[in-house]
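Quick note, the sequence shown lines up with residues -29 to -1, 1 to 470 if you use mature numbering (1 follows the signal peptide of the UniProt record, and there is no 0).
Quick reminder that beta carbons are idealized off the backbone N, C-alpha and C, glycines included.
Below is one structure, written out as structure tokens; comments come after it.
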Amino acid sequence: MIARRWWRAVPIRAAVAGGLVSAAAPTIAQTAAPGPPRPGPPFVNTADPAAPDAREIVQDIPNALHWSRQQRGQLGEWHYVFFPDGTARILQGADRKTIAAELTCEAGVACRIRRRDGMGFTVEVGRGLRPELPARTDLDSVARYLAAWLLAGTAPPLPPEQPTEPEPASVPAVPLSDAAGTPPPAITTPPAGAAPDQTRTAETGAGSERVDSTDPTCAEPDPFMPGACAVAAAPPPDAPLGTPGDGAARLSGVARPGPTAAPTSAASAEGTPEPRPSLIERFDISCSVTVSAGLAGLAATGGSDSRGVAKPRASLGCGARLTEKLTLRTSLIGYFNPDQQRSWDPDYTYALSYRFSDSITLSYSNYSARFRSGDLAGLLDGTLRATYRLPPLPLGTEKNLPCSASLGLPRPDRTAFSLSCSYLVAEKLRLGASTHLYLADAQDTYQPDYTYTASYRINDDWLVSYQNYSNNRFPWNRGEDPGPGFTGGSVSVTYQMAF
């Protein structure tokens, strides 16, 4: 009876062992692959603002590959974003799609800064409180300020001072002499308690000073490039490299960890130049395709007036930064029904802007040029305008209202004085409006009193916008031929091309 049970148990035990082995095999295969990179250890409090208008952004759904917290703000014309592990980016332009510089900081050691032109430098950790806001807002000054702000409070503690023992009373001794009668050389002893100086902060590899220009001003938006003044969707944070960290935890009380190694001379050496940037990167070239249609067809009354039809059209627009202060915008326009094009409808447009300072811009633009008889008719028939960017107006909330004023040159008395403002209603929705003031008898029949726009950024590539540049008039200044109102505008869909 016992032997029969033992023989029956053998296949049962073999089956159990085989099942355990087969169940363990896929587990081993699954855990053999390396896991994805995770955010590094946090040491920066994103709730503490580094700029007056900075704000902390918290994602609703934490992700193991991305930080759930970040801080965004603006210093001068530069936008920045940094994460709890000390990585940061400085963004350029109104749409914040161009990364001008990247920062990678290690607590208690240094921040490595890499600019868009391939050059870089290092800011070592210092001691004391966080730095004051920079007096200058060029790219290098903003990068140094952010690096010093991120590293503040992470420096290793100074070694304790060694107690100084009193020197024993010297006993006069008779020096020994060698056979030639020469006394032995004196031996100098370093004073007790001597320690190397660890309080010096160095910033080596500071490249040539660079002053960057802003995007073309939105005081005179391009009707055929709606994306030039639209807001871009916030780019998702990149996955920081490093050891796993708790990205979803509140960082307001996170203690800054001590450094892993003391800064060395190699860490502060200037980075080696990378390969030369391409033509597109050098001139910051960006292009978009826009399809537009007017809403005048909704109120059409018949007749030969082309203002009563939708007049659909497509345009290819590109922008380039020729120098640090000179930018160019141009577009080519084609009409789906060429018979609907009238003399005031352009074949191409262009705008050349030169930034004298952070507030003053001079632009020469033409939005009515035509191709006639094989030549470039109206190429030099543009208008010259000077634009001044006004200080932002606080709205009583965390948002501001940026505005600018512009006037025509060289005869301001014959052109309009324009005041333009734009408001970021939501993360993807922006509203804009301009009012135009004229001297007595200087306003023509088809010059408007005001214009307005609205744009919604679907994602980084697609934009839907509405523009109304028709002859909008105030009730007390209707004129001979006022515009139709809302139906005088047009709806556009823009696709941002990626190179």
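In this structure, how does DSSP classify residue i when only helix, strand and coil are distinguished?
{"i": "Phe342", "result": "strand"}
{"i": "Ser463", "result": "strand"}
{"i": "Ala118", "result": "helix"}
{"i": "Asp333", "result": "The residue you asked about is not Asp; residue 333 is Leu in the sequence shown. The answer is strand: DSSP assigns Leu333 an E or B state."}
{"i": "Gly265", "result": "strand"}
{"i": "Thr354", "result": "strand"}
{"i": "Gln311", "result": "helix"}
{"i": "Pro131", "result": "coil"}
{"i": "Phe327", "result": "coil"}
{"i": "Asn448", "result": "helix"}
{"i": "Arg253", "result": "helix"}
{"i": "Thr320", "result": "strand"}
{"i": "Pro365", "result": "strand"}
{"i": "Phe457", "result": "helix"}
Is it right to say residue i is buried, meaning 16 or more other beta carbons lie within 10 angstroms of its own, or is it exposed?
{"i": "Val29", "result": "exposed"}
{"i": "Ala118", "result": "buried"}
{"i": "Thr465", "result": "buried"}
{"i": "residue 471", "result": "The shown model of the chain, from -29 to 470, leaves out residue 471, and the question about it has no answer."}
{"i": "Phe53", "result": "buried"}
{"i": "Leu250", "result": "exposed"}
{"i": "Asn430", "result": "exposed"}
{"i": "Pro446", "result": "exposed"}
{"i": "Val260", "result": "exposed"}
{"i": "Arg221", "result": "Legend: pLDDT at Arg221 = 37, less than 50; position of this residue unreliable, value from coordinates given subsequently. The residue is exposed, with fewer than 16 neighbouring Cβ atoms inside 10 Å."}
{"i": "Glu245", "result": "exposed"}
{"i": "Tyr338", "result": "buried"}
{"i": "Val396", "result": "exposed"}
{"i": "Phe92", "result": "buried"}
{"i": "Glu77", "result": "buried"}
{"i": "residue 471", "result": "Residue 471 is absent from the model: the chain starts at -29 and stops at 470."}
{"i": "Leu129", "result": "exposed"}
{"i": "Arg360", "result": "buried"}
{"i": "Arg247", "result": "exposed"}
{"i": "Ser461", "result": "buried"}
{"i": "Leu434", "result": "buried"}
{"i": "Thr358", "result": "buried"}
{"i": "Ser314", "result": "exposed"}
{"i": "Leu121", "result": "buried"}
{"i": "Gly456", "result": "exposed"}
Grab me the residues of residue i's own chain with a C-beta within less than 8 Å of its C-beta, minus the 5 sequence neighbours each way, in chain order.
{"i": "Arg444", "result": "Pro419, Asp420, Gly450, Pro453 and Gly454"}
{"i": "Ile70", "result": "Arg60, Ile61, Leu62, Gln63 and Arg87"}
{"i": "Met468", "result": "Ser257, Cys258, Ser259 and Val260"}
{"i": "Tyr417", "result": "Asn442 and Asp452"}
{"i": "Pro381", "result": "Leu355"}
{"i": "Thr108", "result": "Leu46, Gly47, Glu48, Trp49 and Asp329"}
{"i": "Glu369", "result": "Asp24 and Arg26"}
{"i": "Asp432", "result": "Tyr466, Gln467 and Ala469"}
{"i": "Ala281", "result": "Ala264, Gly265, Leu266, Ala267 and Gly268"}
What distance in whole Å lies between the Cβ atoms of residue j and residue i, which are believed to be in contact at a cut-off of 8 Å?
{"i": "Arg356", "j": "Ser334", "result": "5 Å"}
{"i": "Arg300", "j": "Ala322", "result": "4 Å"}
{"i": "Leu297", "j": "Thr458", "result": "At roughly 38 Å, the Cβ-Cβ gap does not stay under 8 Å, so Leu297 and Thr458 are not in contact."}
{"i": "Asp384", "j": "Ala340", "result": "Contact flag wrong, Cβ pair sits at about 26 Å."}
{"i": "Asp318", "j": "Phe342", "result": "5 Å"}
{"i": "Thr125", "j": "Gly64", "result": "About 31 Å; that fails the 8 Å criterion."}
{"i": "Pro105", "j": "Ser112", "result": "5 Å"}
{"i": "Gln41", "j": "Ala21", "result": "With a Cβ gap of about 12 Å, Gln41 and Ala21 do not count as contacting."}
{"i": "residue 522", "j": "Gly11", "result": "In the structure as shown, the chain begins at -29 and stops at 470. Residue 522 is therefore absent and cannot be evaluated."}
{"i": "Ala81", "j": "Val96", "result": "6 Å"}
{"i": "Pro55", "j": "Val94", "result": "Contact doesn't hold; Cβ gap of about 19 Å is too wide."}
Residues in its own chain within less than 7 Å of residue i by CB, not counting five upstream and five downstream?
{"i": "Leu366", "result": "Leu372"}
{"i": "Asn448", "result": "Asp420"}
{"i": "Gly353", "result": "Tyr335, Ser336 and Asn337"}
{"i": "Tyr437", "result": "Thr424, Ala425, Gly460 and Val462"}
Closer than 6 Å by C-beta to residue i: which residues in its own chain qualify, once you throw out the five before and the five after it? Chain order, please.
{"i": "Ala291", "result": "Phe254, Ile256 and Leu299"}
{"i": "Ala387", "result": "His407 and Tyr409"}
{"i": "Leu390", "result": "Ala376 and Thr406"}
{"i": "Val262", "result": "Ala285 and Val464"}
{"i": "Gly403", "result": "Ser393 and Thr424"}
{"i": "Pro363", "result": "Asn371 and Pro373"}
{"i": "Thr75", "result": "Thr58 and Arg83"}
{"i": "Glu73", "result": "Arg60 and Arg85"}
{"i": "Glu27", "result": "Thr17, Ala18 and Gln42"}
{"i": "Pro283", "result": "Ala264 and Phe307"}
Would you say residue i touches the ligand COA, meaning its beta carbon is less than 7 Å from a heavy atom?
{"i": "Asp384", "result": "For the ligand COA, the structure offers nothing, since it holds no ligand at all."}
message: Restricting to runs no shorter than 3 residues, where is the beta strand (DSSP E) found entirely within the stretch 385 to 446?
response: If one requires a minimum length of 3 residues, the beta strand (DSSP E) runs lying completely within the stretch 385 to 446 are 388 to 395, 400 to 408, 421 to 428 and 433 to 439, in chain order.
| said: What ranges does the beta strand (DSSP E) occupy inside the stretch 62 to 126, keeping only unbroken runs of at least 3 residues that lie completely in it? | reply: 69 to 77, 81 to 86 and 91 to 95
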